[in-house]
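These notes are about the structure you will find just below.
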Amino acid sequence: MPTILMIMGWRLYFYANEGNEPIHIHCVKGECECKFWIDVDNFEINDAFSYNLSPRDRREIREIIFKHFDYIVNEWIKFKELKK
239 MPTILMIMGW RLYFYANEGN EPIHIHCVKG ECECKFWIDV DNFEINDAFS YNLSPRDRRE
299 IREIIFKHFD YIVNEWIKFK ELKK
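This note's numbering numbers the first residue of the sequence shown as 239 and each following residue consecutively.
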């Protein structure tokens with residue numbers, strides 16, 4: 239589970255054993271956990287899973303992901319290349 243960002247108490251990471259799922263990011267902060275699908279072509283993210291997120295937490299993590307969108311995508315590409 240490589241961590242790619244630690245910001246504002248959030249840990250953003252990838253799982254190494256998820257097969258061929260499309261690009262996505264896992265996020266955890268305290269008791270909150272979520273996963274977002276990343277749509278590179280449309281510069282969009284969609285909830286895949288969330289647990290214990292308040293509306294404020296959801297806004298905060300979405301903002302973090304959008305601010306680091308290109309970085310996350312590039313790290314995903316590197317991560318997938320290493321797994322080949």
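Even for Gly, the Cβ is constructed at its ideal location relative to N, Cα and C.
Kindly give me the distance between the Cβ atoms of residue i and residue j, rounded to whole angstroms, as I take these residues to be in contact under 8 Å.
| i | j | result |
| --- | --- | --- |
| residue 249 | residue 270 | So it is not a contact: roughly 11 Å between Cβ atoms. |
| residue 317 | residue 260 | The Cβ separation is near 13 Å, so there is no contact. |
| residue 242 | residue 303 | Going by Cβ atoms, the distance from residue 242 to residue 303 rounds to 11 Å, so no, they are not a contact pair. |
| residue 272 | residue 287 | 6 Å |
Where do the ends of the beta strand (DSSP E) carrying residue i lie?
| i | result |
| --- | --- |
| residue 285 | 282–289 |
| residue 304 | No beta strand (DSSP E) contains residue 304, which is instead part of the alpha helix (DSSP H) from 293–305. |
| residue 252 | Segment: none, residue 252 is in no beta strand (DSSP E) and carries neither H nor E. |
| residue 271 | 270–277 |
| residue 242 | 241–245 |
| residue 263 | 262–267 |
Taking its Cβ as the centre, do 16 or more other Cβ atoms sit within 10 Å of residue i, making it buried, or is it exposed?
| i | result |
| --- | --- |
| residue 320 | exposed |
| residue 298 | buried |
| residue 285 | exposed |
| residue 283 | buried |
| residue 276 | buried |
Nearest-angstrom Cα distance between residue i and residue j?
| i | j | result |
| --- | --- | --- |
| residue 278 | residue 305 | 14 Å |
| residue 296 | residue 290 | 10 Å |
| residue 294 | residue 247 | 14 Å |
| residue 313 | residue 255 | 16 Å |
Using only alpha-carbon positions, find the residue among the options that is nearest to residue i.
| i | options | result |
| --- | --- | --- |
| residue 268 | 261, 245 and 275 | 245 |
| residue 281 | 296, 300, 289 and 273 | 300 |
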